[in-house]
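Asks:
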Amino acid sequence: MPTAYTITIACGNPACGKPAAGPQMLRCLVCLAKTYCSPACQNADRSIHSPHCHPAASPPNSLALTLEKSALDFTHRFSQRLILLALAVLNHHKLPNSPLRDRIWEQQSRNNALVVLLQELPDMPAGTPDRKRVAYKSFHSATMDRLDRLRPCKEAAWAIQKARAPAVTIALIVSDRGGRMTTMITSTHSIGIYANMSLNPDPEMNELMLKVEIGSDL
Numbered sequence: 004m005p006t007a008y009t010i011t012i013a014c015g016n017p018a019c020g021k022p023a024a025g026p027q028m029l030r031c032l033v034c035l036a037k038t039y040c041s042p043a044c045q046n047a048d049r050s051i052h053s054p055h056c057h058p059a060a061s062p063p064n065s066l067a068l069t070l071e072k073s074a075l076d077f078t079h080r081f082s083q084r085l086i087l088l089a090l091a092v093l094n095h096h097k098l099p100n101s102p103l104r105d106r107i108w109e110q111q112s113r114n115n116a117l118v119v120l121l122q123e124l125p126d127m128p129a130g131t132p133d134r135k136r137v138a139y140k141s142f143h144s145a146t147m148d149r150l151d152r153l154r155p156c157k158e159a160a161w162a163i164q165k166a167r168a169p170a171v172t173i174a175l176i177v178s179d180r181g182g183r184m185t186t187m188i189t190s191t192h193s194i195g196i197y198a199n200m201s202l203n204p205d206p207e208m209n210e211l212m213l214k215v216e217i218g219s220d221l
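Counting from 1 along the sequence shown, just add 3 to a position and that's the residue number in the numbering used here.
If you want it as structure tokens, here you go:
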């Protein structure tokens, strides 16, 4: 049974750093992609967030919200493997072993992301975990500028990098059974302990390991 790794979504106000959770939690109603722990933090971040904020493709409906929960559960469960896949896809292993390493990665990860495609599965029995209501399809890399919904996450990457913590951005795009994009979940992860490890640089091998973990998920 693979180890579960939990992601805590931080407040969107870079000066805060608290978890975006609790009864006062708010989400930007324009982009639907940035969350805050309180109204005060949302107001404090307004001047920073507004230039990057883009309207979501469509208002959330019940299916979109259900698949959003599935994507979040999938991210929580397989976060370690997704981070390793992102590092391989974005060529972290090719960075020079020099003082410029973090600076080069900062620029590269600020402008690029790992995109993971998931698809809604047919109706599942009651009690099925959210992450098992979607199926893994494929992955690719994408520039932030091609994925406008990633711009708020790009801000989060900057916030982490300002704290001198190398980061990687991952987007999960979920499509319905008809192949239409329904929702996108973005998350920025500090790569911390992985930064100086000897990692497998082959994206296909990391994808295979992801599929093995999904297949053995209990």
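Beta carbons: idealized from backbone N, C-alpha and C, even for Gly.
Just to confirm the assignment, what range does the alpha helix (DSSP H) spanning K214 have?
Replies: Within the sequence shown, residue 214 is the residue found at index 211, counting from 1. K214 -> alpha helix (DSSP H) spans P206 to S219.
Asks: L120 and F142 - do their beta-carbons sit closer together than 9 Å?
Replies: On the sequence shown, position 139 is the one that residue 142 refers to. On the sequence shown, position 117 is the one that residue 120 refers to. With contacts defined by Cβ atoms closer than 9 Å, F142 and L120 form a contacting pair.
Asks: Could you please give the first and the last residue of the uninterrupted beta strand (DSSP E) stretch that includes L124?
Replies: Working through the sequence shown from its first residue, we reach residue 124 at position 121. Run containing L124: none; DSSP gives neither H nor E here.
Asks: For L150, tell me which candidate among L75, L32 and A116 has the shortest Cα-Cα distance.
Replies: The count along the sequence shown starts at 1 and reaches residue 150 at position 147. It is A116.
Asks: In whole angstroms, what is the alpha-carbon distance linking M28 and L75?
Replies: The residue given as residue 28 occupies position 25 in the sequence shown. The residue given as residue 75 occupies position 72 in the sequence shown. In a straight line, the C-alpha of M28 is about 17 Å away from that of L75.
Asks: Thinking C-alpha only, which one of P17, M184 and V118 is nearest V171?
Replies: For the purposes of this step, residue 171 is taken as residue 168 along the sequence shown, with counting starting at 1. Its Cα nearest to that of V171, the residue V118 stands out among P17, M184 and V118.
Asks: For Y8, which three-state DSSP category applies?
Replies: Along the sequence shown, read from residue 1 onward, the residue named residue 8 stands at position 5. For Y8, the predicted model reports a pLDDT of 31, less than 50, meaning its position is unreliable; a value from the coordinates is still stated below. Correct three-state label for Y8: coil.
Asks: Per DSSP, S193 forms a beta bridge with which residues?
Replies: Position 190 of the sequence shown, counted from the start, is the residue given in the question as residue 193. DSSP, once it has assigned bridges, lists A170 as partnering S193.
Asks: Does S53 come out as helix, strand or coil in the three-state DSSP assignment?
Replies: Residue mapping note: residue 53 aligns to position 50 of the sequence shown, counting from 1. Looking at S53 - three-state DSSP - the assignment turns out to be helix.
Asks: With DSSP as the reference, please indicate the residues paired to H79 in a beta bridge.
Replies: Start at 1 with the first residue of the sequence shown, and residue 79 comes out as number 76. Answer is none; H79 lacks a bridge partner.
Asks: Do T185 and L70 count as a contact pair if the criterion is CB distance below 9 Å?
Replies: Translated into the one-based positions of the sequence shown, residue 70 becomes position 67. Translated into the one-based positions of the sequence shown, residue 185 becomes position 182. It is a contact, given that the beta carbons lie within the stated cut-off.
Asks: What's the C-alpha gap between F77 and V177?
Replies: Here the question's residue 77 lines up with position 74 in the sequence shown. Here the question's residue 177 lines up with position 174 in the sequence shown. Cα-Cα distance, rounded: 11 Å.
Asks: Assuming L276 and I194 make a contact with CB atoms under 8 Å, what is their CB distance in whole Å?
Replies: Because the chain is modelled from 4 through 221, residue 276 falls outside the range shown and cannot be assessed.
Asks: Along the chain, where does the beta strand (DSSP E) containing W144 start, and where does it finish?
Replies: As a position in the sequence shown, residue 144 is number 141, starting the count at 1. Per the sequence shown, the amino acid found at residue 144 is Ser instead of Trp. First-last of the beta strand (DSSP E) with S144: V137 to T146.
Asks: Straight-line CA distance for Q45 to G15?
Replies: Looking up residue 45 in the sequence shown gives position 42. Looking up residue 15 in the sequence shown gives position 12. Approximately 7 Å, taken between the alpha carbons.
Asks: Nearest to D179 by alpha carbon, out of L85, A138 and L98?
Replies: Within the sequence shown, the letter at position 176 stands for residue 179. Among L85, A138 and L98, the Cα nearest to that of D179 belongs to A138.
Asks: The alpha helix (DSSP H) with S112 in it runs from where to where?
Replies: As a first step, residue 112 must be located in the sequence shown, where it is residue number 109. From DSSP, the alpha helix (DSSP H) with S112 extends over R104 to N114.
Asks: Can the beta-carbon of K72 be found closer than 9 Å to that of D133?
Replies: Within the sequence shown, the letter at position 69 stands for residue 72. Within the sequence shown, the letter at position 130 stands for residue 133. Yes, these two residues count as a Cβ contact at 9 Å.
Asks: Return the CA-CA distance between M187 and I173, expressed in angstroms with no decimal places.
Replies: In the sequence shown, residue 187 corresponds to position 184, counting from 1. In the sequence shown, residue 173 corresponds to position 170, counting from 1. For M187 and I173, the distance between alpha carbons rounds to 10 Å.
Asks: Whole-angstrom Cβ separation of K303 and M147, contact assumed at under 8 Å?
Replies: No statement about residue 303 is possible, as the shown extent of the chain runs from 4 to 221 and does not include it.
Asks: Are the CB atoms of R30 and T38 nearer to each other than 9 Å?
Replies: Against the sequence shown, residue 30 aligns to sequence position 27. Against the sequence shown, residue 38 aligns to sequence position 35. Yes. Within cutoff.
Asks: Have a look at A43, A145 and C34 and flag the residue whose alpha-carbon is nearest the alpha-carbon of C56.
Replies: Taking the first residue of the sequence shown as position 1, residue 56 is located at position 53. Considering only A43, A145 and C34, the residue with the shortest C-alpha distance to C56 is C34.
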